[in-house]
Amino acid sequence: MPVELLRHITYSNQREAFKKLLPSADLTKFIDSYVIFESINLENCVALSDGVPTLVFLSNPDINVTFTNKESSINIVGAWCCGQNLKQVKITCDRQIDQLLIIRFQADALQQLDAKTNNNLRGAKAFPLDSLFGKPAKNLLDLMYTTSDIRAKIGFFEQFIRRHLTMKHGQNGILREAMKYIGMHHGNISIQEVSKRVGTNYKWLERNFLQCIGISPKEYARTQRILRTCNYFEEGEDKLLSIALKSGFYDENHLLKDFKNFFGESPSSYWKRNRKES
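Following the numbering used here, the numbering of the sequence shown begins with 17 at its first residue and continues without gaps.
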């Protein structure tokens with residue numbers, strides 16, 4: 017999803033930027049939360065994923081969104097599933113969006129639910145809902161766009177989950193605990209230490225991260241550090257070495273390398289351009 021929206025979800029203390037609603041009690045094992053943003057401009061945004069399975073519903077089924085990197089682009093209308101390992105991906109939209117509904121699943125939800133597996137999740141920029149849920153996704157979309165009421169939309173989605181999807185596997189509590197622990201440290205922790213903390217070995221942790229969220233624990237930790245870096249820049253911090261050390265990087269060169277890998281440009285270039293555009 018756009019890095020600014022993900023940064024708000026992860027770090028924002030200004031809750032007026034978005035609304036967060038919790039799922040019905042019987043669905044908390046599958047769904048983490050619903051996040052609603054109002055009046056969003058997705059023109060030339062940079063995408064970032066923390067690996068958590070995420071669906072995004074636009075306010076209108078005819079709105080077209082394009083995801084582009086150096087190799088290719090993909091157009092999606094109405095709604096999409098976020099790719100799980102986004103690098104140097106830009107999002108453009110053909111109009112202002114009045115409302116954005118973001119559904120954040122539990123990390124292991126796609127393993128629990130009888131959803132279609134997709135071997136391209138790891139490399140995809142984004143994909144339509146039927147790639148994940150098959151033909152029933154069309155009925156879901158038709159229902160979601162019969163109303164503009166956000167709670168009604170959430171109700172339709174929860175009915176869909178209950179009616180069309182069944183449990184395949186039990187909850188992966190160790191994976192959830194590992195992700196929570198990495199998040200608490202903003203990625204500034206060794207995976208060996210995480211493994212000891214949750215009582216498993218590195219190979220098990222890596223295998224389950226890849227199976228459930230499409231990225232390795234090291235990549236997940238790196239994304240958390242990059243996200244924290246973005247937050248420091250947005251708060252007005254401009255000393256690169258200070259940001260690097262506070263974000264868990266060894267030095268500013270390591271930060272520069274990872275930042276360019278995710279965004280395709282240096283931090284100073286990225287934030288100067290974004291502030292100018294805003």
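Yeah, the Cβ is synthetic: ideal placement off N, Cα and C, and Gly gets one too.
Keep in mind it's a predicted model, so treat the numbers as computed, not measured.
If contacts are defined as beta-carbon pairs under 8 Å, then residue i and residue j qualify, I think. What distance do you get, rounded to the angstrom?
i      : j      : result
Val72  : Cys98  : 7 Å
Pro233 : Ala194 : 7 Å
Ile118 : Val51  : 4 Å
Asn247 : Arg23  : 6 Å
Ile190 : Gly67  : So it is not a contact: roughly 16 Å between Cβ atoms.
Asn224 : Asn188 : 6 Å
Can you check which of these residues, the options, is closest to residue i by C-alpha distance?
i      : options                        : result
Gly203 : Arg244, Leu159, Glu251         : Arg244
Thr84  : Asn60, Asp66, Pro144, Trp96    : Asn60
Lys106 : Leu58, Asn269, Glu209          : Leu58
Thr70  : Trp96, Ser88, Ile198, Arg167   : Trp96
Thr26  : Arg120, Ile177, Asn277, Leu256 : Arg120
Met200 : Asp124, His270, Gly264         : Gly264
Ala237 : Leu256, Ser258, Leu148, Ile198 : Ile198
Thr82  : Ala153, Ser211, Pro18          : Pro18
Asp124 : Ile229, Ser282, Glu251, Leu21  : Ile229
Can you have a look at residue i and say buried or exposed, based on whether 16 or more other CB atoms are within 10 angstroms of its CB?
i      : result
Leu221 : buried
Thr163 : exposed
Gln240 : buried
Ala153 : buried
Lys212 : exposed
Could you give the distance in angstroms between the alpha-carbon of residue i and the alpha-carbon of residue j?
i      : j      : result
Gly280 : Phe34  : 28 Å
Gln115 : Lys86  : 29 Å
Leu43  : Leu156 : 17 Å
Arg179 : Phe172 : 10 Å
Lys141 : Ser65  : 10 Å
Phe143 : Phe275 : 25 Å
Leu102 : Gln122 : 19 Å
Lys255 : Glu54  : 32 Å
Quick check on residue i: does DSSP put it in helix, strand or coil?
i      : result
Leu157 : helix
Ala123 : coil
Thr26  : helix
Ser55  : strand
Phe143 : strand
Asn134 : Its pLDDT being 49, under 50, Asn134 is placed unreliably by the model, and the measurement read from it follows with that caveat. Three-state result, Asn134: coil.
Pro18  : strand
Ile92  : strand
Gln304 : Residue 304 lies beyond the stretch modelled for the chain, which goes from 17 to 294, so this question has no answer here.
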